[in-house]
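Residue numbers (our numbering): 4 to 474. Here the structure comes first, spelled out in C-alpha cells, and everything after it is commentary.
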RNA sequence: GGCGACAUAGCCAAGUGGUAAGGCAGAGGACUGCAAAUCCUUUAUCCCCGGUUCGAAUCCGGGUGUCGCCUCCA
C-alpha cells in the first residue's frame with residue numbers, strides 16, 4: 004500500500020515519495036504571534052499534527068519545523084497598542100500559543116524557529132537573490148523582482164497578467180511592479196531594526212519562511228503546508244524566492260488545509276466572527292474539538308457551530324465509552340476466558356487494514372474514524388455477551404484503538420481511576436437497597452452521586468460508574 | 001473580470017465507473033424496577049438538464065446555488 008496525497012502544485016493526488024526515505028522534512032507555516040490563536044488556526048495545526056503523526060506511524064522519520072512570525076506589520080501595530088515592545092508581545096503570545104496547542108494536544112514540532120533569531124540567514128538569502136538579479140533595492144527597501152523569475156504563479160496557477168490585474172500597491176511602497184514584494188523593509192521611526200547591507204531594517208514576511216525552512220531542513224524539502232489562504236501570495240512567493248535563489252525545487256509537495264467557517268463564512272478579524280481557542284475551551288472539551296475537526300476531510304471547508312460540535316461530542320463519547328469499558332473489562336479478564344472465536348480477531352485485523360487504507364488516501368480521517376465505529380459495534384457485542392472476558396482479545400482491541408489514538412488523539416485511554424471510600428460505600432448501599440427492591444432509596448443515592456459528578460449504570464454484569472464529563 | 005472548490009438522508013459526512021460507509025438526531029424493538037449504556041430494525045429519485053457507457057453519485061457539456069483566492073488573513 005502506498006501513501007497518496009494531494010499536491011497543490013500539481014493539483015492532483017500523487018504517490019508520496021520523500022527525497023531521502025525514511026527521512027521526511029516537513030515545514031508548516033506557524034502563527035504570527037500578535038494575538039491568541041483562533042479555532043481556524045487550530046484546525047490547521049491539528050490537521051498537520053495528525054498528518055505528521057500518521058507519517059511517523061507509517062514508518063517515516065519526520066523532522067518538522069513550524070515557525071513563529073515574530074516581526075511584521077501586525078506585530079508592530081499590536082505592540083504599540085499594547086504598550087509593549089515587539090519582542091515582549093512575541094514572548095507573550097508564543098507562551099499563549101504553546102498553552103493552547105498543548106491543551107489541544109498538538110505536539111510541538113521538533114523545530115520552532117523565530118524569525119527574529121534568524122536575521123543572518125535571511126540577509127544571506129536576500130543577498131543571493133540580489134546576486135542572481137532577482138532582487139532590487141529601492142529606497143532602503145529590497146524587493147523581489149517577480150518579472151525576472153520564470154514560473155511565478157505556478158503554485159496558485161495564475162497567469163502573471165491576471166495577478167497583475169488584481170494586485171494593489173500599498174502607499175509608501177517603492178516597488179516597480181505591483182506583484183513585486185518586499186524582502187527587506189527599511190526602518191521606520193520606532194520600529195525594531197537590524198543591520199544589513201541595505202541599511203537598518205527588518206525582513207519581509209515571505210522571506211523568513213523560505214530562509215528558515217532551508218536553514219533547518221535543506222534547500223529541497225519534502226512537505227510544505229499551511230492554510231489554504233496562504234497559497235497566494237505567501238507560498239507563491241516562497242517558491243519564487245527559494246527556487247530563485249537555489250535553482251532547485253523548494254518543496255516537493257504542498258499541502259493546504261481548508262477553512263473553518265462560521266455562519267457559512269470564513270472566519271476573519273474583519274468580519275468580527277473570530278472565536279479563539281481560549282474562548283472555545285471555556286465551554287468545550289479539546290478532544291471533542293479534535294474529533295470534530297477530523298470528522299471532515301482536511302481540504303474541505305468545514306462549518307463550525309455549537310450544534311455541530313455537540314453532535315461531534317456525542318459521537319466521540321461512544322468511542323470513549325468503549326475505550327473505558329475495554330479497560331474495565333481488562334481488569335477482570337482471564338487468559339482462558341472465551342474470546343468469541345476467530346471472528347473478532349479478523350475484524351481487528353481488517354479494521355487496521357482499512358484504517359491505513361483510508362489514511363493512505365490523502366489522509367481520509369473521516370473514513371478512518373468510520374472504521375473505528377464499525378469495530379466498536381463488534382467489540383460492544385462481545386463485551387455484552389461474554390463474561391468474564393478474554394484478556395488477549397481485549398489487549399488486541401485496545402492495541403488497535405491505541406494505535407489510532409496515537410495519531411488522532413481523540414480519546415483518553417487510561418485505566419479507570421478509583422473512587423473515594425465514601426463514594427464507594429454509597430454505591431454499596433445503593434446496591435443493597437436495590438437488592439431489597441427499595442427503589443426510592445436506590446434512586447436517591449444515584450441522584451446524590453450524580454450531583455457529585457458520578458453517573459451510575461446498571462449493566463447485566465453489575466453496576467458501573469463513570470465521571471460526568473465536563474462542559 | 002480571472003482562477004478554483006463544493007452541492008450525497010432532518011443534521012454532519014465518506015465514497016472518482018458496477019449499483020450509496022460511518023456518526024448525530026428521530027421512530028420501533030431487545031435488555032432494565034426506572035434510567036443509562038449497548039445491541040437489533042428503520043429513514044437517500046446522490047442539486048437540475050443533456051451526453052458518453054452494458055452500467056455514473058462517480059466521466060463530459062450546459063445550467064442553478066454556495067463558498068473561497070486574486071488584498072493582511074490559517
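C-beta: ideal position from N, C-alpha, C; glycine also. As the structure is a prediction and not an experimental result, all values here were calculated from the model.
(request) Starting from the C-beta of residue 208, find all residues in its chain whose C-beta is less than 6 Å away, skip the five residues before and the five after it, and write them out in chain order. (result) For the purposes of this step, residue 208 is taken as residue 205 along the first chain, with counting starting at 1. Cβ neighbours of residue 208 beyond the five flanking positions: 75.
(request) Using the DSSP secondary-structure output, state which residues sit across from residue 39 in a beta bridge. (result) The residue you call residue 39 lines up with position 36 of the first chain. Paired residues: none, contrary to the question.
(request) Let me know the beta strand (DSSP E) ranges lying completely inside the segment 53-136, each 3 residues or longer, listed in chain order. (result) With a minimum length of 3 residues, the unbroken runs of beta strand (DSSP E) contained wholly in the segment 53-136 fall at 64-69.
(request) Measure the alpha-carbon distance for residue 133 versus residue 219 and round it to whole angstroms. (result) To locate residue 133, count along the first chain from 1; it is residue 130. To locate residue 219, count along the first chain from 1; it is residue 216. The C-alpha of residue 133 lies about 22 Å from the C-alpha of residue 219.
(message) Please report the distance separating the alpha-carbon of residue 137 from that of residue 308.
(response) The count along the first chain starts at 1 and reaches residue 137 at position 134. The count along the first chain starts at 1 and reaches residue 308 at position 305. For residue 137 and residue 308, the distance between alpha carbons rounds to 46 Å.
(message) Quick test of your reading: residue 291 and residue 315, contact by CB under 8 Å. State the CB separation rounded to the nearest angstrom.
(response) Position 288 of the first chain, counted from the start, is the residue given in the question as residue 291. Position 312 of the first chain, counted from the start, is the residue given in the question as residue 315. 6 Å between Cβ atoms; contact.
(request) State yes or no: is the C-beta of residue 33 within less than 9 Å of the C-beta of residue 57? (result) Mapped onto the first chain, residue 33 falls at position 30. Mapped onto the first chain, residue 57 falls at position 54. No, the Cβ-Cβ distance between residue 33 and residue 57 is not below 9 Å.
(message) Do residue 216 and residue 245 have their beta-carbon atoms positioned less than 9 Å apart in this structure?
(response) Position 242 of the first chain, counting from 1, holds the residue named residue 245. Position 213 of the first chain, counting from 1, holds the residue named residue 216. Closer than 9 Å, so yes.
(request) Determine which residues share a DSSP beta bridge with residue 28 and list them. (result) By one-based count along the first chain, residue 28 stands at place 25. Residue 28 pairs with 66.
(request) May I ask you to list the residues that DSSP assigns as paired with residue 457? (result) By one-based count along the first chain, residue 457 stands at place 454. Answer by DSSP bridge pairing, in chain order: 470.
(message) I'd like to know whether the C-beta atoms of residue 22 and residue 16 end up nearer to each other than 9 Å.
(response) Position 19 of the first chain, counting from 1, holds the residue named residue 22. Position 13 of the first chain, counting from 1, holds the residue named residue 16. The answer is no: Cβ separation not under 9 Å.
(message) Does the segment 270-287 come into contact with the segment 337-356, if we say contact requires no fewer than three beta-carbon pairs (one atom in each stretch) closer than 8 Å?
(response) no
(request) Could you give the DSSP three-state label for residue 225: helix, strand or coil? (result) Stepping through the first chain from its first residue, residue 225 is reached at position 222. In the structure shown, residue 225 adopts extended strand secondary structure according to DSSP, grouped into three states.
(message) Please tell me whether residue 116 and residue 68 are closer than 9 Å, where the distance is taken between their beta carbons.
(response) Working through the first chain from its first residue, we reach residue 116 at position 113. Working through the first chain from its first residue, we reach residue 68 at position 65. Against a cut-off of 9 Å, the Cβ pair of residue 68 and residue 116 comes out as a contact.
(request) Check whether the Cβ atoms of residue 155 and residue 186 sit closer than 9 Å, and answer yes or no. (result) Residue mapping note: residue 155 aligns to position 152 of the first chain, counting from 1. Residue mapping note: residue 186 aligns to position 183 of the first chain, counting from 1. The answer is no: Cβ separation not under 9 Å.
(message) Between which residues of its own chain and residue 83 is the CB-CB distance below 6 Å, once the five residues before and five after are set aside?
(response) Position 80 of the first chain, counted from the start, is the residue given in the question as residue 83. Correct list: empty, nothing qualifies.
(request) Under the assumption that residue 224 contacts residue 28 (Cβ atoms under 8 Å), give the Cβ distance between them as a whole number of angstroms. (result) Within the first chain, residue 224 is the residue found at index 221, counting from 1. Within the first chain, residue 28 is the residue found at index 25, counting from 1. With a Cβ gap of about 4 Å, residue 224 and residue 28 count as contacting.
(message) Check this for me: beta carbons of residue 397 and residue 332, under 9 Å apart or not?
(response) What you label residue 397 is simply residue 394 of the first chain in a count that begins at 1. What you label residue 332 is simply residue 329 of the first chain in a count that begins at 1. Yes, they are a contact pair.
(request) Go through its chain and collect everything with a Cβ distance to residue 97's Cβ below 7 Å, but skip five positions before and after it. (result) Position 94 of the first chain holds residue 97. Excluding five sequence positions before and after residue 97, the CB atoms of its chain that fall closer than 7 Å to its own CB belong to 36 and 71, given in chain order.
(message) If contact is defined by three or more beta carbon pairs under 8 Å, each pair taking one atom from either stretch, is the segment 269-279 in contact with the segment 37-46?
(response) yes
(message) At the level of alpha carbons, what is the spacing between residue 359 and residue 77?
(response) As a working mapping, residue 359 is identified with position 356 in the first chain. As a working mapping, residue 77 is identified with position 74 in the first chain. Cα to Cα, residue 359 sits roughly 42 Å from residue 77.
(request) Please look up how many angstroms separate the CB atoms of residue 89 and residue 260, rounded, as I've assumed it's under 8 Å. (result) As a working mapping, residue 89 is identified with position 86 in the first chain. As a working mapping, residue 260 is identified with position 257 in the first chain. In this structure residue 89 is not in contact with residue 260, their Cβ atoms being roughly 28 Å apart against a cut-off of 8 Å.
(request) Mark residue 342 as exposed unless 16 or more other C-beta atoms lie within 10 angstroms of its C-beta, in which case mark it buried. (result) The residue labelled residue 342 in the question sits at position 339 within the first chain. Label assigned to residue 342: buried.
(request) Mind checking who residue 462 pairs with in its DSSP beta bridge? (result) Against the first chain, residue 462 aligns to sequence position 459. Per DSSP, the beta-bridge partners of residue 462 are 465.
(request) Return the chain-ordered list of same chain residues with a C-beta closer than 8 Å to the C-beta of residue 330, the five sequence neighbours on each side being excluded. (result) Numbered from its first residue, the first chain carries residue 330 at position 327. So the list reads 401, 416, 417, 418 and 419, once near-sequence residues are dropped.
(request) Using a threshold of 9 Å, state whether the C-beta atoms of residue 263 and residue 305 are closer than that. (result) Locating residue 263 in the first chain gives position 260, counting from the first residue. Locating residue 305 in the first chain gives position 302, counting from the first residue. Yes, these two residues count as a Cβ contact at 9 Å.
(message) Output needed for residue 412: all residues of its chain with C-beta closer than 7 Å, excluding positions within five of it in sequence on either side, in chain order.
(response) Taking the first residue of the first chain as 1, we reach residue 412 at position 409. Closer than 7 Å at the Cβ level, and outside the excluded window around residue 412, lie 108 and 293.
(request) Please report how far the alpha carbon of residue 362 lies from the alpha carbon of residue 459, in whole angstroms. (result) Residue numbering aside, residue 362 sits at position 359 when the first chain is read from its first letter. Residue numbering aside, residue 459 sits at position 456 when the first chain is read from its first letter. Using only the alpha carbons, I get a separation of about 37 Å.
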